[in-house]
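Using my numbering, read the sequence shown as starting at 232 and increasing by one per residue.
A quick write-up on the structure given underneath.
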Amino acid sequence: MKRTMQILVVTAGIILCLTGLASAAEKSVILGFHEKPGPSEQALIHGAKGIIKKTFNLIPAMAVSLPEEEIAALKQNSRVAYINEDAIFTAVEPVVSDEYINSWGVYRIFSDVAHFSGNKGAGVNIGVLDAGIDYTHPELVDNYKGGYDFVYNDNDPFESYNSHGTHVAGIIAAEENGVGVIGVAPEANIYAVKILDSGGFGLLSWVLSGIQWAVSNEMDIVNMSFEGMDSESLKAACDAAYESGVLLVAAAGNLSPVVRFPAAYDSVIAVTATDVSDMQAFPPQGPEVELAAPGVDILSACTLSNPACASGGYQVLSGTSQAAPHVTGTAALLFGSVGDLNKDGVIDNVDVRQALQMSSIDLGLEGRDDVFGFGLVNAASASFNTDFSFTITKTSGAPHRDSETVHLDGAPYEIHIANNNLSKVEIDVFEGTSLLRELSSSYSFNNNSPQEVMFILDATGRRYDVKFTPYGKSGNSMNIMINMQGK
């Protein structure tokens, strides 16, 4: 029985049949018979001046080229069941909703891949340290779970004018409601921690209080799309929060040539911004830059009472403030799928951070660099576990009925095959509907050959479907293990 196992769900519907070219006086058709065609059917076609191009085994039919004037007569033949035009079918491209089209950054980092696999960040708690959130906005009303206002010291962190926090929250977790935009993690829990006033300014004490609140209230991730001066207290607060298990993500800054604080601390992921061409959009550079993410012309939710938000509750903004929440949302997806990458016995913020680095799409100079860090954040990596294994067993049917297809995206993979008495395995690698012959392979096994195979498939920045087809006696099998590799 054929099953499809998904590490990533990136599939376009596939219907493909190409026909050869015929002369103007001929027509390519599928000629179906009531019984399996043999010599008499072949003679029938030849007598009609036809050319047999293919005989099918699955159905009693042939692909033939016939003079058009012969087709009507053949339809009347008692042995002929039907004659169909050999029409051209094309690949059915995946339909992208307007939410993804409007949210170009969310789509650019492959968030849709994780969403289609069922991973939307549900249950992950995210503290947005910012100017508050308009929690009445339709894109945020269901995902907003509470928070605190350290500017006015009350439990109502509503953003009454400045749209900065609402915009950031929308990038992270705007709901999948069929309108407007969609967030990277549209089912994550959003908490507004107001540490900036309506003018976008905040005291260090407010920031420290906000970080403390995030730790006390068990936030999984904190987004900090603000910048300021270095201070021992801010560094200590960030270090303590990270040690407690909170993942910290911050904007690198928009104007300074160096990374600003808190993004520059080792305990914080510093995020730079890219445009639609994956080019650097703002000047901060340095060894502190860890990841890049879309940050130019980003449409997201805005505070409904803000005059700049008059056009339907959405606003376009640019900056590393917009890039950071793309990483925060991706981290939320990873919290539900990452394994124990550092093998310390627990799955925590350290593993999520490592997964973000490992799965990023390399930009600029090879490897980590001062402009893009490890590269463009890749949300598709969140739709699979980094270690994955399965078994394929040969049955009495045709080999293709026993095949397994896995979907690999966004990273290099080490693939191990341990054979258990199969004679051969074919490995076909597809990108969309195109078979990549240079990446496909076949391995045969006998008593004198190794029974284990290992190879690397680099899917960094690509979307591959990998099909494994077994050959051999019924009941024999092989185990396949796939591991995502670091850079």
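Backbone N, C-alpha and C fix where the C-beta goes; we use that ideal spot for every residue, glycine too.
Since we're looking at a predicted model, the values are computed, not measured.
Exercise. Could you check where the beta strand (DSSP E) with R339 kicks off and where it finishes?
Worked result: The continuous stretches of beta strand (DSSP E) do not include R339, which lies in the alpha helix (DSSP H) extending over residues W335 to R339.
Problem set entry | M712 - partner residues in DSSP beta bridges | Looking at the DSSP assignment, M712 forms a beta bridge with S620 and H647.
For this session: Just the C-alpha distance for S675 and K285, rounded to the nearest angstrom, thanks.
Result: When rounded, the distance between both Cα atoms is 29 angstroms.
Exercise. Span of the alpha helix (DSSP H) holding G377?
Worked result: Here G377 belongs to no alpha helix (DSSP H); instead the beta strand (DSSP E) covers Y375 to D380.
For this session: Would you mind stating whether G411 and E370 have Cβ atoms separated by less than 8 angstroms?
Result: Contact: yes.
For this session: Taking only heavy atoms of the ligand FAD into account, decide whether any of them is closer than 7 angstroms to the Cβ of F621.
Result: Absence of the ligand FAD from the depicted structure is noted, as is the absence of any ligand whatsoever, leaving it without description.
Problem set entry | Euclidean distance between Cα positions of P270 and A294 | Taken atom to atom, the span from the alpha-carbon of P270 to that of A294 is near 15 angstroms.
Exercise. For S673, does the three-state DSSP call read helix, strand or coil?
Worked result: Strand.
For this session: Spell out the partners DSSP gives P298 in its beta bridges.
Result: Under DSSP, the beta-bridge partners assigned to P298 are E257.
Exercise. Can you tell which of Y366, D579 and G278 has the C-alpha that lies nearest to the C-alpha of Y422?
Worked result: Taking only the C-alpha atoms, the option nearest Y422 is Y366.
Exercise. Going straight from the alpha carbon of L522 to that of S708, what length do you get?
Worked result: The straight-line gap separating the alpha-carbon atoms of L522 and S708 is approximately 42 angstroms.
Exercise. By how many angstroms is the C-alpha of D317 removed from the C-alpha of A256?
Worked result: About 15 angstroms.
For this session: Pick helix, strand or coil for P538, following the three-state DSSP scheme.
Result: In the structure shown, P538 sits in a helix (DSSP, three-state: H, G or I).
Exercise. Nearest CA to the CA of R584: which residue from A445, L565 and L596?
Worked result: Residue L565 is the option with its Cα nearest to R584.
For this session: Count the other C-beta atoms from every protein chain shown that fall within 10 angstroms of the C-beta of V327, then say buried if there are 16 or more, exposed otherwise.
Result: In this predicted model, V327 has a pLDDT of only 40, less than 50, meaning its place in the structure is not dependable; the value taken from the coordinates is given anyway. Only exposed fits V327, as fewer than 16 other CB atoms lie within 10 angstroms of its CB.
For this session: Can you give me the Cβ contacts of E407 inside the same chain, cut-off strictly under 6 angstroms, excluding the 5 residues immediately before and after it?
Result: These residues qualify, in order along the chain: I413 and P417.
For this session: Have a look at G358 and D696 and give me their C-alpha separation to the nearest angstrom.
Result: When rounded, the distance between both Cα atoms is 36 angstroms.
Problem set entry | Integer Cβ distance of I403 from P556, believed to fall under 8 angstroms | So it is a contact: roughly 4 angstroms between Cβ atoms.
For this session: Determine the DSSP secondary structure at D582, reduced to helix, strand or coil.
Result: Judged by DSSP in its simplified three-state form, D582 adopts helix.
Exercise. Does the distance from the CB of S552 to the CB of H395 come in under 8 angstroms?
Worked result: Contact: yes.
Exercise. In the DSSP assignment, what residue or residues form a beta bridge with F699?
Worked result: For F699, which the question treats as bridged, DSSP gives the partners E635 and I658.
Exercise. Could you give the residue range of the alpha helix (DSSP H) that holds L189?
Worked result: Absent from the model: residue 189. The displayed extent of the chain is 232 to 718, so no value can be given.
Exercise. Which whole-angstrom value describes the C-beta separation of G363 and F389, a residue pair presumed to lie in contact below a C-beta threshold of 8 angstroms?
Worked result: With 8 angstroms as the limit, G363 and F389 qualify as a contact, their Cβ atoms being about 6 angstroms apart.
Problem set entry | Exposed unless 16 or more other CB atoms sit within 10 angstroms - verdict on D380 | Buried is the call here.
Exercise. In its own chain, which residues sit with a C-beta less than 6 angstroms from the C-beta of T265, not counting the 5 before and 5 after it?
Worked result: According to the sequence shown, residue 265 is His rather than Thr. Counting only Cβ-Cβ distances below 6 angstroms, and skipping sequence neighbours, we find A312.
Exercise. Can N580 and Y473 be called in contact, C-beta distance under 8 angstroms?
Worked result: Taking 8 angstroms as the Cβ cut-off, N580 and Y473 qualify as a contacting pair.
Problem set entry | Neighbour-count burial assignment, T719, 16 or more Cβ in a 10 Å radius | For residue 719 there is no data in the structure shown, the boundaries of the chain being 232 and 718.
Exercise. With respect to the beta strand (DSSP E) encompassing A312, which residues constitute its N-terminal and C-terminal limits?
Worked result: Residues V311 to E316.
Exercise. Which of helix, strand or coil does DSSP assign to T664?
Worked result: In the structure shown, T664 sits in coil (DSSP, three-state: anything other than H, G, I, E or B).
Exercise. Just checking my contact of D480 with V446 at CB under 8 angstroms: how many whole Å lie between their CB atoms?
Worked result: Strictly speaking, residue 480 in this sequence is Val, with Asp absent from that position. Rounded, the Cβ-Cβ distance is 15 angstroms, inconsistent with contact.
Exercise. By Cβ distance below 7 angstroms, which residues in the same chain neighbour F492 in space, the five residues on each side in sequence not counted?
Worked result: Excluding its 5 nearest sequence neighbours in each direction, F492 has C-beta neighbours in its own chain below 7 angstroms: E458, G459, M460, D461 and L465, listed in chain order.
For this session: Determine the extent of the beta strand (DSSP E) in which F686 is found, giving its start and end residues.
Result: Segment E683 to D689, the beta strand (DSSP E) holding F686.
For this session: Have a look at the DSSP bridge pairing and note the partners of N448.
Result: DSSP, once it has assigned bridges, lists no residue as partnering N448.
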